[in-house]
Ligand SMILES: Cc1ncc(C[n+]2csc(CCOP(=O)(O)OP(=O)(O)O)c2C)c(N)n1
Ligand SMILES: Cc1ncc(C[n+]2csc(CCOP(=O)(O)OP(=O)(O)O)c2C)c(N)n1
Ligand code: SF4
Ligand code: SF4
Ligand SMILES: [Mg+2]
Ligand SMILES: [Mg+2]
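Chains as they are written, first to last, in this note's numbering: chain A, 1 to 576; chain B, 1001 to 1576; chain C, 2001 to 2295; chain D, 3001 to 3295.
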């Protein structure tokens, strides 16, 4: 299954609550600074302690996704070894503390390192074993330890000298132990790369940066995995950027607060996961009928209900598409990677305000919490477009103002509270052009049509999906959102095979005429989704009128791994 | 447009808060007792007073729906006359009080009746004008007044003699005034019919009776039009039938209460409209993953949000189908008329328990609040099937019990609290067969598949849609839920034309193999829906793979009238 | 900024009328609240474009059509968070949130308690008619024990919800009771509430002759007395809670039960020191410093 | 009915263990509540099949895997209505609802207040660690003012939610406070709560060494005293409310603050006079009399 070595995957595993995540992210950053592409992936249970945590990073020249098999395993306990043995490549290595772990497999390159003893020697806490391990990893891979030491110094900058000192010693201890005891180089070795202007961050951090760049002034969220890290980011970054960040009593309150903010003229956003969004459904319709812009971040995790809180899925697409009583327009944007999280979150605010409708950023745990390297974001690429806003002067010169004026585009200008003469009724009842409640059959139909027309207008402006790979291919993979990573990675490894890949960031409205044509003309379609019922597949059937030939579905909480997709594609191409 | 006279439509209009509804329903009952088919329709605003109310009834030998034009208008105020003049047939009559209303149209047969004066003479309140009017209606239509007087006597049985007396005199006053002053018979005359064993009741009353017949033991609802009348019915009838009926603080609580009840072994039901259901979405998923049976009545009204609270729409189908994060099975039953409300509500409880999933009764304001005559329900037709339930003995002899056992059908037996050895964890987390939380990839996939398999099983048992009209036709109308009435009525009047009608009560799961075949083979499909986006139409596209040729959509809060459908059909057939 | 062309100067009550005349039943207490609100706005000299009114759903919510201002007619039970959102977006606006007892003490109770805790600077007026009216008469949390309604044919059973005691327990900074039948007094309470820095709450006794005829104007008048004429000082939480325990079936105190000044939610976000969020210029945002931790 | 084959007679604490050992952090107060609950069930001699435990979502909710009974693990904030539904379906079962402070006083606050009002006969235990733990440390309604967390880096601002005062104001019929570090005392409170006819509420001070380390066992122990040793009689709502005003940063009273007997929700539905709804035979229903009004 393995092709030529372009990537190295390292996995650290141990008991929950022992800083695995922090250690892994530190390692990722060291590699990122070394000029590597890094893509990380973490598995942890919905518990604070007592469960099993792992953190994996794949590094390479160009990495679109975390790949398996694992080439280097850091086993902080026996379970890590036992559970993940079958994920290892034939030439993999394992780093472990011989007093804790017995690696009962002969084929592996074994690196016993006395974590506990070294930790004790440097006077560190139990958690510091991780630092020892990181030093050891760098040594095994033939790197140098300086990058790690720098990072330790800056991370702990505010701590006491002795804390910094013992961490430095721990890292060096692990590093030196390998250097001194395992002279023969390990099969996987890193090399020096040119320095780059890169960032290493997660999807949620990129979403947050995009929101701030777009001028988000109010972020409201009730904690829920995998959106909590976005809330934390906004709390931290928001205070430096004049964003009011609020944790209210529940998700119902969250969306209603944001709608109040949007009505009053601020760019407002909420963040949640599917369960929290379930509670926002009624307010979604409120945004719909009052035509109030709002951006909704939804980080998917496997349902139904509580489901698998710390795992990933793409099970909420149809839910978001049809949520709330009645019919009204909305947009769904599903970024495929960290970079798209940034730019398209910023774009979401423009769409929300121009079309005066709720706009979703649909992410999932894999994308939200997975870190990777990206070229430093270019804020200049972000334009702020606030749509039609009526000013004092405009209203005065027009002599009147109608909030819900029937227009060809469906868009009528907004007047923010405070604007003279713009008083109106933003009414959840069906209303006339001024906003007053009406039950008139004709006006009702007109207002419905007006609102729905906005989606037609938006469709004309929506970016087309991107086609990766050759223009013509025997098989076209189709996906949306975070499945982009593993598919791109797979495509990379399938060069020469007659397969290409159409990726959708803009999932709704769908399809543009051009997209429809592409989908109709493709020789064979294989829809790849992290769900059980093929939700985007069903949209293609409904809206394109074509039945995709193959569905590749996975719904066990894990992402696709590139090798799984390659296997599937091979099967399809061979059976043809 | 008018074909041979088979029906008479009578409309009463006046100011909200003046008992129009009660008067109309009384008239309906008089005709029902006279052996007529009655179908009523009421329009009223979301206000207690000050708006305009109307009540219409269509009577005839066989009436499937209320029809227009109106043949006899009772105008209690000038607005009634002005607003509804254009709805009248050429030979229509109008009954009015000349001191209040000036019927400025020459073509109508005019029946001036001094309502106010007669009311004063009999010593009645202002509301009693309605009773005078009812007497007048019966006289104009050539009926006798005895049925009305009987009804007054029984309705007011508990009131004082003087109240009964003045009502009787009011009715007689109206009746006699017509008899004495308008000798020439009106164009529409009623005749004597044989007595029948019939009921005259609304969709909601039929739903309530169905639930009680099915052994519903817990009904929970927060008031919301058009489900409030079901709550009121259950409060009244429930106390006589051992149903615990509870109005909780909100809809979230409502569904969670019902789920608790279902878990503990009672047949539980909630009732709401789309807005309230929006708040139940999260708990829907809870029922899904814990596999707890529950019946959810949803009476649709036009959205989004508050929308048109007292009007009708079919805008929530897709919403219900996809509501809540993650993927899990549910059923949607959309009765087409009052009779189906009864029998299929009862059936809903069987499906819910056999397949351990939430089952919707999807109604709308037209069906929920529209009264009609039906053959008295036959309780013997209702079977109670509770699905697989583990007893003390079964568990003891099996030696163990697994609540979420993986089975071929997907169904695993339930054990109610109190059962010895049946202790388990009804867990909103993904779980193993015993119910304990698990994050294992394999078990997760197995439990997802198990749950989804239940829908395949249910599909095998779901009743097929009914085909009305000739087996082969140039045009097949397709609809679901309450649009059945106007279409059947239209079909009746289109005898001889090459058109038939496929009506769906069981909307989800969809389609059965046989249905799919019918839909694929039909020459031309016209989907008729009370919504703006064609939601069932989209399901046909997605699930049948055929694009229906014509969509007939209406979303102004009003039902289709048969003549509108006939017009549409004619157009399609002629253009062909 | 030009003065609003459609307004009289000084403001008159008519400046707040819309073309829509109230559809409430004759004798409905909502008319009194309508009048009191408009009078209060006149007294406060708040022109319609500077006022945001947020309504829930109910007969009380139908109010949305009858008063000129920036009006937001939200969802049943969810008006308060919308109001708080408006305030966070633009703290210079005066925000008044209006709903019913079903709206605020059943469906929306969580927001009521939590908004009190936040002390966001807005005014909340509840049309407390002790019944669900728009849905034609079901018991509400404030329905008196034994109240017969469509859903409680044998009489309401649950412990009656005590809005004032709840507000005191939750840390309310302005807690008052008014009466729809005493327009000047109610207008004064609204003025005081709007002027109060922090969350001001006014529970208004509102006769609903249609669905709660027993609690008529007379019924209320027989029980009503005014705190201010009693020498009651609204400066003590314990006394306020005790006062709030008087059963309304016996005595109904009107006026301010409790008032204190403490930091508002806007203070927490240092909003008063800045331009309103909604007026922030979005051209000059520089996110580059935020990249630092990811380099 | 045969006696449960898997149980010891008399019951032992072990009879309530499942195969799953708690995953809480070492030193977590939840262990104490776990022990106290099992001890209470033994004292009450309630075999697992007669007990229904309903859990919310949180570290507290993770409890669902660790105790043998009929367990329902519901949604965040929504355990109480599930529990009430169980009780209405089968009033012969003993129902205990367990959740966290975020669960019960934020997301689920409305149900808390309204379930108190209904006086449904079940027991509600809150793991009050004054923080959201499972989501790794955000401020909760009971977080002390100034509490620093991921979402309140400058310290919690809102008026701290006072569960006991709220319960008194809402008409609670059994209101108590326990401590996860005093297992026998807490077990006794649970026993008393379960025996109480009506809604019993126990707010448990629960140390969370991971996300709220300041409020350690020691911190609590320094402030704790017991009402019963003080001659406090839990029979007066006014006194109970006053007692509940003691700031926990100074003194923490443990024990029963208030108790009274009044009709339960089951009484309202006359359930105690009948067979449980869930055991009603569905074969003998006759709806024909209900047709009368429609003829
Ligand atoms: C989510 C939701 N549930 C239910 C309703 C139906 N509803 C409309 S008004 C109302 C209650 C009105 O009572 P109250 O708030 O006391 O207002 P009032 O009519 O008495 O002024 C209800 C339940 C709704 N609109 N939305
Ligand atoms: C609707 C919903 N919103 C948010 C969450 C995420 N969530 C899980 S536990 C929790 C809070 C836990 O705090 P608490 O109730 O105090 O329990 P603890 O972990 O402290 O025991 C939250 C917000 C959820 N599961 N469901
Ligand atoms: S029903 Fe009651 S609250 Fe509603 S308008 Fe009429 S009197 Fe007022
Ligand atoms: S995080 Fe706190 S509450 Fe959760 S298990 Fe750990 S110590 Fe207990
Ligand atoms: Mg009310
Ligand atoms: Mg907590």
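Beta carbons are placed, not taken as given, at the ideal position from N, Cα and C, and that holds for glycine.
- By the Cβ-count criterion, residue 1538 of chain B is buried, with 16 or more other Cβ atoms from all chains shown falling within 10 Å of its own Cβ.
- Against chain D, the beta carbon of residue 1447 of chain B has no neighbour under 7 Å; the closest one sits roughly 14 Å away.
- Within 7 Å of the C-beta of residue 2098 of chain C there is not a single heavy atom belonging to ligand 3.
- According to the DSSP secondary-structure assignment, residue 224 of chain A is paired through a beta bridge with no residue.
- DSSP places residue 71 of chain A in the strand class (E or B) of the three-state scheme.
- Taking every protein chain shown into account, the CB of residue 3250 of chain D has fewer than 16 other CB atoms within 10 angstroms, so this residue is exposed.
- For residue 2096 of chain C, the closest of C:2023, C:2261 and C:2194 by C-alpha to C-alpha distance is C:2194.
- For the segment 2166-2188 of chain C, residues whose beta-carbon sits nearer than 8 Å to a beta-carbon of chain D comprise 2166, 2168, 2169, 2170 and 2171.
- Sorting B:1460, B:1028 and B:1469 by C-alpha distance to the C-alpha of residue 1510 of chain B places B:1460 at the top.
- The beta carbon of residue 1388 of chain B does not come within 8 Å of any beta carbon belonging to chain C, so the residue lies off that interface.
- Closer than 7 Å at the C-beta level to chain B, one finds these residues of the segment 2203-2229 of chain C: 2210.
- The beta carbon of residue 2134 of chain C is closer than 6 Å to those of 2058 and 2059 in its chain, skipping five residues each way along the sequence.
- Think of a sphere of 7 Å around the beta carbon of residue 263 of chain A: the chain C residues whose beta carbon falls inside it are 2072 and 2086, in chain order.
- Remark: C-beta atoms of residue 2191 of chain C and residue 2040 of chain C approach each other more closely than 8 Å.
- Contact check between the segment 452-470 of chain A and the segment 495-514 of chain A: three or more CB pairs, one atom from each, fall below 8 Å, which counts as touching.
- Here the segment 2169-2176 of chain C makes contact with the segment 3156-3163 of chain D; the two share three or more CB pairs at distances below 8 Å.
- Of all residues in the segment 1414-1436 of chain B, only 1415, 1416, 1417, 1418, 1419, 1420, 1421, 1422, 1423, 1424, 1425, 1426, 1427, 1428, 1429, 1431, 1434, 1435 and 1436 place a beta-carbon less than 9 Å from a beta-carbon of chain D.
- Looking only at D:3076, D:3113 and D:3277, the smallest Cα-Cα distance to residue 1212 of chain B is reached by D:3277.
- Apart from the 5 residues on each side of it in sequence, residue 1474 of chain B sits with its Cβ closer than 6 Å to the Cβ of 1498 and 1523 in its chain, given in chain order.
- Of all residues in the segment 1046-1065 of chain B, the ones placed with a Cβ closer than 9 Å to any Cβ belonging to chain C are 1046, 1047, 1048, 1049, 1050 and 1051, in chain order.
- If you draw a straight line from the Cα of residue 1496 of chain B to the Cα of residue 1470 of chain B, it is about 9 Å long.
- For residue 2131 of chain C, the secondary structure class from DSSP, reduced to helix, strand or coil, is coil.
- Across the set D:3137, D:3106 and D:3143, the C-alpha of D:3106 shows the shortest separation from the C-alpha of residue 3078 of chain D.
- Beta-bridge analysis with DSSP links residue 256 of chain A to no other residue.
- Around the Cβ of residue 93 of chain A, a 10 Å sphere holds 16 or more other Cβ atoms; the residue is buried.
- Around the beta-carbon of residue 2021 of chain C, fewer than 16 other beta-carbon atoms lie within 10 Å, marking it exposed.
- The continuous stretches of alpha helix (DSSP H) do not include residue 3069 of chain D, and DSSP gives it neither H nor E.
- Runs of the beta strand (DSSP E) lying entirely within the segment 3252-3286 of chain D, each at least 3 residues long, are 3252-3259 in chain order.
- Only 198, 199, 200, 201, 205, 209, 212, 213, 214, 215, 217 and 218 from the segment 185-219 of chain A bring a Cβ to less than 8 Å from some Cβ of chain C.
- If you keep only unbroken alpha helix (DSSP H) runs of at least 4 residues inside the segment 93-130 of chain A, you get 115-121.
- Shown here, residue 3155 of chain D sits in coil according to DSSP, grouped into three states, outside any helix or strand.
- Around the beta carbon of residue 521 of chain A, fewer than 16 other beta carbons lie within 10 angstroms, which makes this residue exposed.
- Spanning the alpha carbons of residue 3237 of chain D and residue 3260 of chain D requires a straight line of approximately 9 Å.
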